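Right, one structure below, let's go through it.
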């Protein structure tokens with residue numbers, strides 16, 4: 013009887029040990045995420061507690077009652093592909109790895125990227141500016157007059173909700189006031205934006221003024237509204253860098 017009791021105790025201990033070993037092994041394995049719904053290659057969600065330089069935890073916006081999804085971002089962080097620090101509740105976009113759904117190749121803080129971003133643009137001296145000044149006054153100090161017009165202006169773009177965008181500083185685009193010896197260089201005019209496959213795409217309005225309309229009343233479809241596709245290089249609370257055709261442009265957040 014005594015031997016049977018000892019045997020049962022040993023058997024129970026072995027069973028508990030085996031279960032504990034299986035449970036320990038399970039906790040080490042990274043659980044695979046559920047089926048992911050993507051838009052333009054990106055998964056959108058709300059950041060949860062637990063986001064750091066190694067993992068990002070989100071609740072997908074297509075199902076806010078779903079279990080949180082965890083992504084390993086260690087490689088993305090080392091490659092500077094975690095664009096903008098995440099705080100709980102931030103809206104973010106994730107580019108999942110094609111082979112492993114638990115890895116994110118890129119993370120973008122979509123709430124942080126929204127806002128009005130500008131940089132200073134200097135005017136350019138007109139080709140015939142000096143001749144014009146001397147024609148009016150042969151004794152004029154040409155350099156002094158031109159320098160007085162060299163006033164930088166803020167130019168950039170505003171990224172709004174629901175993919176809407178606006179150009180900042182449009183009143184200076186292609187300013188060709190005949191009385192001034194300088195002109196501000198022309199720039200792009202954006203009406204919308206989106207993120208696709210880790211890049212930001214700026215688009216013009218889907219309809220534009222017909223250049224053949226002398227009264228500039230009639231609009232025609234804009235067949236090439238997608239204009240500029242850029243890479244997000246850096247994003248901080250008050251600083252943004254985007255790369256377009258290999259050239260990086262820096263912006264600061266306007267008030």
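In our numbering, the protein residues as written are 13 to 267. Ideal Cβ positions, reconstructed from N, Cα and C, are used throughout, including at glycine. Source: prediction; values computed, not measured.
Beta-carbon proximity of residue i to residue j, cut-off 9 Å
i	j	result
residue 95	residue 72	no
residue 239	residue 209	no
residue 194	residue 136	yes
residue 122	residue 56	yes
residue 52	residue 206	yes
residue 255	residue 131	no
residue 108	residue 59	no
residue 158	residue 104	no
Which of helix, strand or coil DSSP assigns to residue i
i	result
residue 217	coil
residue 121	strand
residue 88	helix
residue 168	strand
residue 160	helix
residue 35	Confidence at residue 35 is low in this model, with a pLDDT of 34, below 50, so the placement of that residue should be treated as unreliable; the coordinate-derived value is given next. Residue state, collapsed to three classes: helix.
Residue i to residue j span [Cα, whole Å]
i	j	result
residue 204	residue 106	20 Å
residue 119	residue 88	8 Å
residue 125	residue 252	8 Å
residue 165	residue 263	13 Å
residue 92	residue 258	16 Å
residue 200	residue 146	34 Å
Residue environment, residue i, which counts as buried when at least 16 other CB atoms sit within 10 Å
i	result
residue 66	exposed
residue 36	Only weak support is given to the placement of residue 36: the predicted model assigns it a pLDDT of 34, under 50, and the value that follows is read from those uncertain coordinates. Classification of residue 36: exposed, given that the 10 Å Cβ count is below 16.
residue 150	exposed
residue 215	buried
residue 197	exposed
residue 116	buried
residue 171	buried
- Query: What are the complete alpha helix (DSSP H) segments, minimum 4 residues, inside the stretch 125-156?
  - Reply: Counting whole runs of 4 or more residues, the stretch 125-156 contains the alpha helix (DSSP H) stretches 141-148.
- Query: At what residue ranges does the stretch 41-85 contain a whole run of the beta strand (DSSP E), taking only runs of 3 or more?
  - Reply: Listed in chain order, they are 55-59, 67-72, 81-84.
- Message: Going residue by residue through the stretch 189-215, where are the continuous beta strand (DSSP E) segments of at least 3 residues, counting only ones entirely within it?
- Response: The beta strand (DSSP E) runs of length 3 or more contained entirely in the stretch 189-215 are, from start to end of the chain, 204-208, 211-215.
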